[in-house]
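Here is the structure we will look at.
Structure below.
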């Protein structure tokens, strides 16, 4: 578990540039936690503090009660930085062997990671000869190949084509299934919505909100019900419904059983249903509301 | 350990152009030495300035003396060029964060890399300088030469590594403090510091590179006197202290 207690970060001499102020967060183990926010919100600074690359100007950060750098030394982490880079004159295979070796990976594991991330035909190339997407895959092979308990991904989909974005999503889902902790920064809200359990919204160095996306997906209580025709008696079955138009309503129920009972009552009363779907609000409108003045 | 060795090998591999340039630079000295030998070898099998003077006048003798002095700085030049950017370039490019995310300690990682680069600087100098001396003097140098080479490499390798933790201008800073140390040592020899405020001389002398100790070793080598091991020990302790400070700073600094 990652604990961030009242952490602040100021760059430069006083008064300096405030990148983060008074951030307190608990990032639970075994879940996918995403950090979203506009450019300059403080996402990379937050990651720098979490990994011990930066020292907080105030407050403190720990991973499993240890200083982040000590944790990294003892356990290692999977890490992809924003715009991952390695020295351009290094051959891919040797670069992965060296860094994988430092992470405790055997040559066989390194070759497996190379294969899994579609790098086999590029293994003898120089890092500098790789495209942005291929280089990002080298970073992902390192991050996921080591099978660490903590995986930190700062804009991991940068430069990836759609196929590898899907594969990345699958990888992150696998990490969650394996009980690993994933901390992710991304500008792709749709992707975040799909994979994150918790979403932290940062803006101007402050936490604006922490959204529990996981519970929203697992047990929704808000639904949108569309009917084939207008049905004036809808409110008799769903008294708290909000009408979008004459044949579409947003309703709030106590759970799946309550929903099923009410839908049955609606059909019995003569309502003809076209569609029932969870109506949780997407990230985009929520983010927009939070960060717009 | 294997990952560390591979990374160290990659370090060498990525600096291959620098190494080639330094080898080329060394080859120029050897070509120069062979040229003056062809022009001005004396009866005792060594290059004679008088013979050079007869052939090319003062310019040729000056060039010969200058090349003799500057080849003595080859260990300094080579270690500055090889170690430059050791940590600072990686921090600037973001590689240090990737290394830190493995289980490696940065101090150990960069310590290994520095040791390798200093060893390489030693080997290159320890080959070039005796060959140069052999061409000019017609005989092998004394083993003291290796002590002199080690002393320069220890002092300026460690200094460049220390500056590299803080700035990308690491080698230039090391060069600047060397020039400052030369000037300070010259002022001291000339008695210009006799009236300086008490305490200033020992403090500045302790902070600057140990030029007096380097001069002592160089003089002993030039005059074929026994190796001044006390001066060499002082240099080793200076380098060790600088490396300790560099290691502490690296473990504390943001990356």
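Protein chains in written order, with the working numbering: chain A, 1 to 293; chain B, 1 to 255.
Where a beta carbon is used, it is the ideal one built from N, C-alpha and C, also for glycine.
If you're wondering where the values come from, they're calculated on a predicted model, not measured in any experiment.
Inset, instruction - Could you tell me which residues DSSP pairs with residue 225/A in its beta bridges? - result: As a working note, residue 225/A is residue 225 in the first chain. Paired residues: 249/A and 276/A.
Inset, instruction - Report whether the distance from the Cβ of residue 210/B to the nearest heavy atom of the ligand SAM is below 7 Å. - result: Absence of the ligand SAM is noted for the structure shown, with no ligands found whatsoever.
Inset, instruction - Quick one: grab the DSSP three-state call for residue 1/A. - result: In the first chain, counting from the first residue as 1, residue 1/A sits at position 1. Note: residue 1/A maps to coil in three-state DSSP.
Legend entry - Nearest candidate by alpha-carbon position, reference residue 252/B, set 230/A, 1/A, 54/A and 184/A: As a position in the second chain, residue 252/B is number 252, starting the count at 1. Of the listed residues, the one whose Cα sits closest to residue 252/B is 54/A.
Inset, instruction - Ignoring anything shorter than 4 residues or poking outside the segment 150-214 of chain B, list the alpha helix (DSSP H) runs there in chain order. - result: 170-189 and 200-207
Legend entry - Inter-residue Cα distance where the pair is residue 142/B and residue 34/B: Taking the first residue of the second chain as position 1, residue 142/B is located at position 142. Taking the first residue of the second chain as position 1, residue 34/B is located at position 34. Roughly 20 Å separates the two Cα atoms.
Inset, instruction - State yes or no: is the beta carbon of residue 117/A nearer than 8 Å to at least one beta carbon in chain B? - result: Along the first chain, one-based indexing puts residue 117/A at 117. Taking Cβ atoms only, chain B never reaches closer than 8 Å to residue 117/A, which makes this a no.
Inset, instruction - Select from 97/A, 118/A and 47/A the residue whose C-alpha is nearest the C-alpha of residue 110/A. - result: In the first chain, residue 110/A corresponds to position 110, counting from 1. Residue 110/A has its Cα closest to that of 97/A, out of 97/A, 118/A and 47/A.
Legend entry - Beta carbon proximity, residue 279/A to chain B, threshold 8 Å: Locating residue 279/A in the first chain gives position 279, where the first residue counts as 1. Cβ-Cβ to chain B under 8 Å: no for residue 279/A.
Legend entry - Touching by the beta-carbon criterion (3+ pairs, under 8 Å), the segment 124-131 of chain A and the segment 142-152 of chain A: no
Inset, instruction - Give the residues from the segment 87-109 of chain B that approach chain A closer than 8 Å (Cβ to any Cβ), ordered along the chain. - result: 93, 94, 95, 97, 98, 99, 100, 101, 102, 103, 104, 105 and 109
Inset, instruction - Give the residues of chain B in contact with residue 185/A, contact being defined as C-beta atoms less than 8 Å apart. - result: Taking the first residue of the first chain as position 1, residue 185/A is located at position 185. Within 8 Å Cβ-Cβ: nothing; residue 185/A doesn't reach chain B, min ~14 Å.
Inset, instruction - Could you name each continuous beta strand (DSSP E) segment of 3 residues or more that falls completely within the segment 92-134 of chain A, going from the start of the chain to the end? - result: none
Legend entry - Supposed contact pair residue 52/A and residue 69/A - C-beta distance, whole angstroms, cut 8 Å: On the first chain, residue 69/A is found 69 positions in, with the first residue counted as 1. On the first chain, residue 52/A is found 52 positions in, with the first residue counted as 1. Indeed they touch by this definition, with Cβ atoms about 4 Å apart.
Inset, instruction - For the beta strand (DSSP E) containing residue 21/A, list its first residue and its last residue. - result: Residue numbering aside, residue 21/A sits at position 21 when the first chain is read from its first letter. Its beta strand (DSSP E) spans residues 17-27.
Inset, instruction - Give me the Cβ distance between residue 214/B and residue 155/B, rounded to the nearest whole Å; I'm assuming they're in contact under 8 Å. - result: In the second chain, the residue the question calls residue 214/B occupies position 214. In the second chain, the residue the question calls residue 155/B occupies position 155. The Cβ separation is near 7 Å, so the contact holds.
Legend entry - Cβ contact check for the segment 220-229 of chain A and the segment 272-287 of chain A: 3 or more pairs under 8 Å: yes
Inset, instruction - Tell me, to the nearest whole angstrom, how far the beta carbon of residue 283/A is from that of residue 199/A; I am working on the premise that it is less than 8 Å. - result: Residue 283/A sits at position 283 when you count from the first residue of the first chain. Residue 199/A sits at position 199 when you count from the first residue of the first chain. That belief holds up - the Cβ atoms of residue 283/A and residue 199/A are roughly 7 Å apart, short of 8 Å.
Legend entry - Distance between residue 154/A and residue 71/A (C-alpha atoms, nearest Å): Within the first chain, residue 71/A is the residue found at index 71, counting from 1. Within the first chain, residue 154/A is the residue found at index 154, counting from 1. Near 19 Å, if we compare the C-alpha coordinates of residue 154/A and residue 71/A.
Inset, instruction - Entirely within the segment 79-113 of chain B and at least 4 residues each: give me those alpha helix (DSSP H) ranges in chain order. - result: 88-93 and 95-101
Inset, instruction - Establish whether the CB of residue 3/B and some CB of chain A are separated by less than 8 Å. - result: Working through the second chain from its first residue, we reach residue 3/B at position 3. Residue 3/B counts as touching chain A.
Legend entry - Any beta strand (DSSP E) of 3 or more consecutive residues that is wholly inside the segment 152-210 of chain A: 181-185 and 198-203
Inset, instruction - Closer than 6 Å by C-beta to residue 178/B: which residues in its own chain qualify, once you throw out the five before and the five after it? Chain order, please. - result: Residue numbering aside, residue 178/B sits at position 178 when the second chain is read from its first letter. Excluding residues within five positions, the ones whose Cβ falls inside 6 Å are 209.
Inset, instruction - Give the straight-line distance between the Cα atoms of residue 191/A and residue 165/A, rounded to the nearest whole angstrom. - result: Counting from one through the first chain, the residue named residue 191/A turns up at place 191. Counting from one through the first chain, the residue named residue 165/A turns up at place 165. Going by the C-alpha atoms only, they are around 9 Å apart.
Legend entry - Own chain, CB closer than 7 Å to residue 88/B, minus 5 neighbours either side, in chain order: Here residue 88/B refers to the residue found at position 88 of the second chain. Correct list, in chain order: 164, 167, 168 and 170.
Legend entry - Three CB pairs or more closer than 8 Å across the segment 59-68 of chain A and the segment 99-118 of chain A: no
Legend entry - Whether residue 114/B touches residue 76/B by CB criterion (8 Å): Working through the second chain from its first residue, we reach residue 114/B at position 114. Working through the second chain from its first residue, we reach residue 76/B at position 76. No.
Legend entry - Distance, residue 220/B Cα to residue 226/B Cα: The sequence position of residue 226/B within the second chain is 226, counting from 1. The sequence position of residue 220/B within the second chain is 220, counting from 1. So the alpha carbons of these two residues sit roughly 7 Å apart.
Inset, instruction - Take the Cβ of residue 259/B as the centre, count every other Cβ of all protein chains shown within 10 Å, and call the residue buried at 16 or more, exposed below. - result: Outside the shown range of chain B (1 to 255) lies residue 259/B, about which nothing can therefore be said.
Inset, instruction - If I'm right that residue 100/A touches residue 57/A with Cβ under 8 Å, what's the distance once you round it to whole angstroms? - result: Position 100 of the first chain holds residue 100/A. Position 57 of the first chain holds residue 57/A. 35 Å between Cβ atoms; not a contact.
Legend entry - Exposure of residue 69/B, with buried meaning 16 or more beta-carbon neighbours within 10 Å: Indexing the second chain from 1 puts residue 69/B at position 69. Per the 10 Å Cβ criterion, exposed.
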